[in-house]
Amino acid sequence: MRPSDLPRPPRPVRPTHAVRRFAALTLPYWKSERRWTIAFVTLMLLLLTIGQVALVIWTSYWNRGFFDALEARSLDDLTREILVFSVILVLTMAVTALHMKAKRWLQLDWRRWVTAQLVEQWMTRSRHYRLQFLQGEHDNPDQRIAEDIRIAIESTISLAHSLTYSLLVGWMFIAILADLSGSTPLPGSTLEVPGYMVVLAFAYAGAGALLGYLLGRPLVRTTNRLQSYEANLRFSLARARENSEAIALTHGEGMERRIATRLFGDIAQGWDRQTLAYLGIVSFSTAYGNLMPIFPILVAAPKFIAGAMTLGLLMQAAQAFERLASALSWPIDKLGEIATWRTSAGRIVSLHDDMLRLDDIDQHSEPARIRIMHSTRAELELHELALDTPTGEPLIRGLDLHVRRGERVLVAGDAQVKLALFKAVAGLWPWGSGEIRLPEGQEMMFVPQHPFLPTGKLRDVLCYPQPAARYADAELHRALECAGIDWLAPRLDEADDWNHVLPLRAQQRLGTARLFLQQPAWAFLEDMAGAFDTKDDTGVMEMLHHELPNTTLLSASRHSGLTHFFDRRLELHRLGSRIGKSSAGEHNDQPADTASSAEIGR
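Letter by letter, the sequence shown follows residues 566 to 1167 of this note's numbering.
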């Protein structure tokens, strides 16, 4: 399949689309198998939020009584108000603690569910590998799963709680403030404005919201850009850590430092842009917040001076105004968190949508891709197989091949073509056309030249991807012995980072030991030449014949002295390349446009 056959990469995720797609991805959590527990915790969270609002209203009326007691200079009233405040304080502490516990439980549980969904999708059908060849906004998928899900889920619950709290507080304090402020005449007229402080609170919050929105618009773009730069630096440093031995051996530290410096330069540039975006909104928010407690007192002061309002009523009205304006200012106060949430949600949605695009390619691009099918016959069959590079350059055309169960096939020729063929059989190389038929129900195992060794106990590394409990110690020892690394047997229960502890040759032998341990029906060896010299390679091939007599073996080994171990030789050459020598040793300058297969006398 050529790049031109792929669907066009999606446009940048629009905010409204990101919200809809994020909701479609995450809201099924509330209908999951644990929905009753989730519903109970959510209900508790709502009730505790209502309790917080009730305590705020109680505090408002306490504030009125407290200042009236001060104005009346009544010690008994003051003592009573202090006792009431003690009760309010204890209840506020209890409700806040319970609310935090419920909120954090829900945040963690929802994050766990969404993470499991995306990891399941990412680690199925080799999407984690295939995504790197698909155009789109899905860079650093590990960071999107680990970090962006955390930010999006925590912010969703936090924003939902604060919005609910603000709506309840605003609704309650509209009534309180309207009752306290009464009405006032419009200047120069006899018209009365009922609840005039409510009108002023809406005007104050509305003007603040408009200015805050205009000043905060650049924050979304700069936050998104900065998060991408941060993820690039984390990925580069993680890559350097994983390949530290190779970097040290090649003295590549200088290059890595330059790369890290360049990536941090991007971060610095993004940080400066975000700082400028923050500058306007922070300056405005500071002025807005400092004016809020003073403004209502100035507005209500004439009534207090005229004797129409007690000190307690004045302070309660000022507090009610501040609470209402704060509730109405929710969009301003949460602008930065909303921007961060929208950025993280968009990054999650982009990753999820691109993985769905992979499935769409599989379903709707049949004529322009390699088709993987299963057959009841115990054979591997290739029909009119054509392989291309991801950029669309042809590798090979018209390959027909039948490999029977138990055969030994030596795959020779161009290294890129051999690797593409093995990946195509594994379902990792869709670029090309033709058909691959795999034997139904027969285990296939691919042994790459550089095997993956997860961090952990050596027995788990040896058994990967099977659980270690599946095999007895005697089987593990035998597998290590067959691979020529029995000296590792005493270390089976040691946990370490084996990619750095073991030399490269031992790592490759450990990958071969998995073959002896798991004994698959079909085995594909990428290249054993780097793991063994000719003598050792011969010994391993003899062990493979002895230990795995019924395993079909396709090997891309470069050792010329192993030919007699195979039933036939498959010669693969890249389309348009020239074969250096024929089997008779004569020069052949004809371009190779197909593969040749020949029986090998044993």
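Cβ coordinates follow ideal geometry from the N, Cα and C atoms, glycine included.
Keep in mind the model is a prediction, meaning the values are calculated, not measured.
Three or more Cβ pairs drawn from the region 835-851 and the region 776-791 lie within less than 8 Å of each other, which places the two stretches in contact. DSSP lists P959 as the beta-bridge partner residues of D953. The three-state secondary structure of P1004, taken from DSSP, is strand. Of the residues F800, L945, T956 and Q981, the one whose Cα lies closest to the Cα of R973 is L945. Taking E719 as the centre and dropping the five residues before and after it, the same chain places the C-beta of Q672 closer than 6 Å to its C-beta, in chain order. DSSP places I937 in the uninterrupted beta strand (DSSP E) bounded by R936 to S940. Taking 8 Å as the upper bound for CB-CB distance, A883 and A865 are in contact here, some 7 Å apart.
Under the DSSP assignment, L1118 falls in the beta strand (DSSP E) whose first and last residues are T1117 to S1120. Note on H917: 16 or more other CB atoms within 10 angstroms of its CB, so buried under the neighbour-count rule.
Secondary structure note for F1011: it is in no alpha helix (DSSP H), and the uninterrupted beta strand (DSSP E) holding it is M1009 to V1012.
Scanning its chain for C-beta atoms nearer than 6 Å, with the 5 sequence neighbours on each side dropped, one finds around G835 the residues R790, L791 and Y794, in chain order. Measuring C-alpha to C-alpha distances from E807 to each of V982, K668 and F1017 identifies F1017 as the nearest.
Using a Cβ-Cβ distance cut-off of 8 Å, the region 1116-1136 and the region 973-992 are in contact, since at least three pairs of beta carbons, one from each stretch, lie closer than that value.
In the DSSP annotation of this structure, the continuous segment of the beta strand (DSSP E) that includes A1088 starts and ends at W1087 to L1090. With fewer than 16 neighbouring CB atoms inside 10 Å of its own CB, P1019 falls in the exposed class.
With a cutoff of 8 Å on beta-carbon distance, V982 and I961 are scored as near each other. In the DSSP annotation of this structure, the continuous segment of the beta strand (DSSP E) that includes A977 starts and ends at R973 to G978. DSSP places S998 in the strand class (E or B) of the three-state scheme.
Between T954 and W996, the C-beta gap is smaller than 8 Å, which places the two residues in contact. For the set L610, R692, L620 and S625, the Cα lying nearest the Cα of W670 is the one of L610. Under DSSP, R969 takes part in a beta bridge, and its partners are E944. Counting the other CB atoms within 10 Å of its CB gives T956 a total below 16, which places it among the exposed residues. Straight-line measurement puts the Cα of Q1007 at about 24 Å from the Cα of S1122. In this chain, the alpha helix (DSSP H) harbouring R782 covers Y761 to E807. Counting only runs of 4+ residues, the alpha helix (DSSP H) found wholly inside the region 693-751 occupies 714-746, in chain order. Taking all protein chains shown into account, A1037 has fewer than 16 neighbouring C-beta atoms within 10 Å of its C-beta and is therefore exposed. Here the alpha carbons of F849 and T908 stand approximately 23 Å from one another. Between L889 and I739 a beta carbon distance of about 6 Å is seen, short of the 8 Å cut, so the two are scored as contacting. Where R1134 is concerned, the enclosing beta strand (DSSP E) starts and stops at R1133 to L1137.
DSSP places L1057 outside both helix and strand once states are collapsed to three, so it counts as coil. W595 has its alpha-carbon roughly 45 Å from the corresponding atom of L1075. Contact holds between the region 890-901 and the region 730-737, because three or more Cβ pairs, one in each stretch, are under 8 Å apart.
The beta-bridge partner set that DSSP reports for K1022 consists of A1060.
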